[in-house]
Amino acid sequence: MIGNSFSSPTGGPALPELHKRLRWLALFVIAAFALLVGRLWQLQVMRGESYYERTVSNVVKERYLPSVRGKILDANGVALADNRPAFNLYATPKELTPQAKAELERMLGLSDDEIAKIDERLAVGRKRDPKSPILVLEDQGRDRAALVEQARARLPGVEVRHEPYRYYPQGDLAAHLIGYMTQMTAEESDRLTAQGYDVNDLVGRYGLESAWENYLRGKRGVEHYAVDARGQRLDDRTVSSLIHGERVIDPVPGANLILTIDSDLQRLAEKAASRVAAAAVVVVEVKTGKIKAVVSKPSFDPNTMTGHLTHAEYTLLMQDPRKPFIDKALRATYPPGSIFKFVTTLAALEDGQAAEDENMFCTGVYNLSGTKFRCHGTHEKVDLLKAIQKSCDVYFWTLAQRIGLDRIAQVAREYGLGAPTNLGINGDAGGRIPTKQWYDENGRYKIGYAANAAIGQGDVEVTVLQMAMAYAALANGGKLFVPQVVERVESHEGRTIVAYDPKVARTVHAPADAVETWKRGMWLVNNEKGGTAYEHGHSDIVTVIGKTGTGEVKKHYKDRDHTDLEKWNPNASHAWFAGWAPAEDPELAVVVLVEHGGGGGTNAWPIAQKVLDGYFSRKTKDPATPAAPAPKAPGVKR
């Protein structure tokens, strides 16, 4: 039969089974298509934005734009800290291969110090963000930059950026005051980045660079750009389609500091101090408390400290027994010696325990309860003025027993001695003015301690800056100023952000006649034969009055030769001079310390004389400035 020709081999009908299979196939295709459509809908609609952002993040990069740091200028606009263009080398830790790093070292001929620095910086980068470039070497010069650019294909993860770089056009001038900058370390990166720093930022480490960091640093900008699979930048049109919002946020420059410092006077003071191995000089404007010059010697070059200091150079600085990193003007404390005697003089005169014409006899020895104190000379019959002129210790030991230790401490503290000046730079140490209570808490008070304190010895310790402010207060009628070194802060456009007026910490109400007695004694020191300063130089340019001092030190070294410094004996006393000029209308107070310099008249006064003579000779060349009057005694009673 014809119908049987379409039968299955078993004799049953085949068509229904075929239809069934086709239906299942159709259902499978529809289901697969539905799943595909659903997945596409999920990717495009539900997760489209997420995947788009992920895709964009692979091609869109973010680069911080460094701000231009504010300048530090002297009172006349001379730049002490500025910025210049530099080629900086960056590396991305995740992309930099060992082979590329080795090639970079070979190609540039890097030193061991430079290689160690790169390793240190890469460690910081791996900790923060291994996918982001990190600054590894600053200020590499045009030749090195060109070599890197030419070899970019062999140096994955390495790039050169042209950026502003901090430099100090006056070299080591006022280095302790200005300070320097360095990169952040791995240990401090978390703390500083939390404060808004980028891991590539340099940070102020010392002096004004550190203390005024918030004003100087400015605010960094940011640039968004896109790259292809090879890391090459895409064109602006493509970038615009990928990046929404601002592509570039410009950095905000830091503010400029205008100082009270006179760089010419600063240079003069540093040159004057160059004759000794270690010293400090502070020059203060008597009527305002403004610091015009501040020297700490030995010093350092902040240009070297900011990025170029080798391990050998750093070791040499750290091993120098004169400790060049310690600010000897603001932070280090010393026994002031006889320049402290103004405290004893004023206390005794105010209490009625001394008189200008009271005579005492100096045999060179003072016997106190069986203990012999030896004066530096045998002055025989001296009154108070002669005792100041010749720095007779016997006279002041006698006054100390009349007024006591605590009275000496009281007057010293009224003049700001033994306490921070609140300058706010480099630690601004306090020092020490001992009292009976202090000795009771640290041992046992002995009667001889008052004698030591009366002549600025024993446990009395002050800073050079404290003494400068105290002598300025003596000169101006009792106004103890807070020392000022920043005149104003300006924007990069020259707009004044904040201006600082002179600030009086307190007014010392010492009896005028007592202060005049001390001044007359100072006049004799500098202007009459027999004065401890007069014997070592006399100014014919301006009338200077002052006091020399010798601060005794504990013996530290049995063999001084191992210090390898001809001019520096660590067992010698400290040399001091404190005074002002002109005598009758004071303008500048100057205090000089020569560390381990011996006699104040021999080594400290000549430095002060050069500073004052240089400053006032420069002033007299100005036709508008009258010449200083000839020296004359301010009513000295003989």
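Residues 18 to 655 (our numbering) are what the sequence shown spells out, left to right. Glycine included, every Cβ here is placed at the ideal spot set by N, Cα and C. These numbers were taken from a predicted model, which means no experiment stands behind them.
Cα-Cα separation between S634 and E302, rounded to whole angstroms = Position 617 of the sequence shown, counted from the first residue, corresponds to residue 634. Position 285 of the sequence shown, counted from the first residue, corresponds to residue 302. CA-to-CA, the gap between S634 and E302 works out to about 17 Å.
Beta-bridge pairing of P437 - partner residues as DSSP gives them = In the sequence shown, counting from the first residue as 1, residue 437 sits at position 420. Beta-bridge partners of P437 (DSSP): none assigned.
Below 8 Å on the Cβ atoms is my guess for I266 versus G238; work out the distance and round it to an integer in Å.
-> Taking the first residue of the sequence shown as position 1, residue 266 is located at position 249. Taking the first residue of the sequence shown as position 1, residue 238 is located at position 221. Contact between I266 and G238 holds, with the beta-carbon distance rounding to 5 Å and staying under 8 Å.
Taking E180 as part of the beta strand (DSSP E), name the residues at either end of that continuous run.
-> Counting from one through the sequence shown, the residue named residue 180 turns up at place 163. Where E180 is concerned, the enclosing beta strand (DSSP E) stretches over V175 to Y184.
Given a threshold of 16 other Cβ atoms within 10 Å of its Cβ, counted over all protein chains shown, does Q167 qualify as buried or as exposed?
-> The sequence position of residue 167 within the sequence shown is 150, counting from 1. By the neighbour-count rule (16 or more Cβ atoms within 10 Å), Q167 is not buried but exposed.
Considering H241, what are the terminal residues of the beta strand (DSSP E) in which it resides?
-> Here residue 241 corresponds to residue number 224 of the sequence shown, with the count starting at 1. Unbroken beta strand (DSSP E) run through H241: G238 to A243.
Just the Cα atoms here: how many angstroms apart are T380 and I558?
-> Counting from one through the sequence shown, the residue named residue 380 turns up at place 363. Counting from one through the sequence shown, the residue named residue 558 turns up at place 541. One C-alpha to the other measures close to 37 Å.
Under 6 Å Cβ to Cβ from P268, same chain only, skipping five residues before and after it: list those, please.
-> Walking along the sequence shown from the start, residue 268 turns up at place 251. Correct list, in chain order: L82, S84, R237 and G238.
Inter-residue Cα distance where the pair is Y466 and K389 | Within the sequence shown, numbered from 1, the residue matching residue 466 stands at position 449. Within the sequence shown, numbered from 1, the residue matching residue 389 stands at position 372. Y466 and K389: Cα-Cα distance of roughly 13 Å.
Helix, strand or coil: how does DSSP classify D344 here?
-> If you number the sequence shown from 1, residue 344 lands on position 327. The three-state secondary structure of D344, taken from DSSP, is coil.
Rounded C-alpha distance that separates N273 from D99 | Along the sequence shown, read from residue 1 onward, the residue named residue 273 stands at position 256. Along the sequence shown, read from residue 1 onward, the residue named residue 99 stands at position 82. About 10 Å.
Between which two residues does the beta strand (DSSP E) carrying F317 extend?
-> Position 300 of the sequence shown, counted from the first residue, corresponds to residue 317. Unbroken run through F317: none, as it is neither H nor E.
Looking at the structure shown, is K571 part of a helix, part of a strand, or coil, going by DSSP?
-> Residue 571 sits at position 554 when you count from the first residue of the sequence shown. Note: K571 maps to coil in three-state DSSP.
On the three-state DSSP scale, how would you describe T524?
-> As a working mapping, residue 524 is identified with position 507 in the sequence shown. T524: strand per DSSP, three-state reduction.
On the premise that M201 lies in contact with E226, defined as a C-beta separation below 8 Å, what is that separation, rounded to the nearest angstrom?
-> Locating residue 226 in the sequence shown gives position 209, where the first residue counts as 1. Locating residue 201 in the sequence shown gives position 184, where the first residue counts as 1. By a beta-carbon distance limit of 8 Å, E226 does not contact M201. Their separation comes to about 14 Å.
Who are L82's beta bridge partners in DSSP?
-> The count along the sequence shown starts at 1 and reaches residue 82 at position 65. Paired residue(s): G238.
Under the three-state DSSP convention, the category A595 falls into | As a first step, residue 595 is located in the sequence shown; it is residue number 578 there, counting from the start. The three-state secondary structure of A595, taken from DSSP, is strand.
What number of angstroms, rounded off, separates the C-alpha of K134 from the C-alpha of Q212?
-> Numbered from 1 along the sequence shown, position 117 holds the residue referred to as residue 134. Numbered from 1 along the sequence shown, position 195 holds the residue referred to as residue 212. The alpha-carbon atoms of K134 and Q212 are separated by roughly 24 Å.
V216 lies in the beta strand (DSSP E); which residues open and close that run?
-> One-based indexing of the sequence shown puts residue 216 at position 199. Taken as a continuous stretch (DSSP letters only), V216 belongs to no beta strand (DSSP E), as it is neither H nor E.
Rounded to a whole number of angstroms, what is the C-alpha to C-alpha distance between D344 and A294?
-> Taking the first residue of the sequence shown as position 1, residue 344 is located at position 327. Taking the first residue of the sequence shown as position 1, residue 294 is located at position 277. Roughly 14 Å between the two C-alpha positions.
Using three-state DSSP, classify Y351 as helix, strand or coil.
-> In the sequence shown, counting from the first residue as 1, residue 351 sits at position 334. Taken through DSSP and simplified to helix, strand or coil, Y351 comes out as strand.
In whole angstroms, what is the alpha-carbon distance linking N469 and V502?
-> The count along the sequence shown starts at 1 and reaches residue 469 at position 452. The count along the sequence shown starts at 1 and reaches residue 502 at position 485. Per the coordinates, the alpha-carbon of N469 lies some 34 Å from the alpha-carbon of V502.
Across which residues does DSSP place P102 in a beta bridge pair?
-> Position 85 of the sequence shown holds residue 102. Answer by DSSP bridge pairing, in chain order: P181.
With DSSP as the reference, label R505 as helix, strand or coil.
-> Your numbering for residue 505 matches position 488 in the sequence shown. Shown here, R505 sits in a strand according to DSSP, grouped into three states.
Please confirm if the stretch 491-508 is in contact with the stretch 317-337, defined as three or more CB-CB distances below 8 Å between the two stretches.
-> With a cut-off of 8 Å, the stretch 317-337 and the stretch 491-508 do not count as touching, because too few Cβ pairs lie within range.
What is the rounded straight-line gap between the Cα of V570 and the Cα of A349?
-> Position 553 of the sequence shown, counting from 1, holds the residue named residue 570. Position 332 of the sequence shown, counting from 1, holds the residue named residue 349. Cα to Cα, the separation comes out at about 14 Å.
Output the boundary residues of the beta strand (DSSP E) element that contains R391.
-> Taking the sequence shown and counting its residues from 1, one reaches residue 391 at position 374. That run of the beta strand (DSSP E) goes T388 to R391.
Sub-8 Å separation of R178 and Y107 beta-carbons = One-based indexing of the sequence shown puts residue 178 at position 161. One-based indexing of the sequence shown puts residue 107 at position 90. Yes, Cβ-Cβ distance for R178 and Y107 is below 8 Å.
Spell out a yes or no on whether the stretch 117-130 and the stretch 179-187 are touching, meaning 3 or more CB-CB pairs, one atom from each, closer than 8 Å.
-> No, the stretch 117-130 is not in contact with the stretch 179-187.
Extent of the continuous beta strand (DSSP E) run through Q200 | Residue mapping note: residue 200 aligns to position 183 of the sequence shown, counting from 1. Annotation for Q200: the continuous beta strand (DSSP E) segment containing it runs M198 to Q200.
Hey, how far is the Cα of G221 from the Cα of R86?
-> Numbered from 1 along the sequence shown, position 204 holds the residue referred to as residue 221. Numbered from 1 along the sequence shown, position 69 holds the residue referred to as residue 86. Looking at the two C-alpha atoms, the distance is approximately 11 Å.
Output the boundary residues of the beta strand (DSSP E) element that contains V499.
-> Here the question's residue 499 lines up with position 482 in the sequence shown. Note, V499: beta strand (DSSP E), K496 to V499.
How do the stretch 527-545 and the stretch 471-485 stand: do at least 3 beta-carbon pairs fall below 8 Å, yes or no?
-> Put simply, the stretch 527-545 does not touch the stretch 471-485. Fewer than three CB pairs are less than 8 Å apart.
With distances taken Cα to Cα, identify the nearest neighbour of G563 among D129, Q427, S149 and E601.
-> The residue you call residue 563 lines up with position 546 of the sequence shown. The shortest C-alpha to C-alpha distance from G563 to any of D129, Q427, S149 and E601 is the one to E601.
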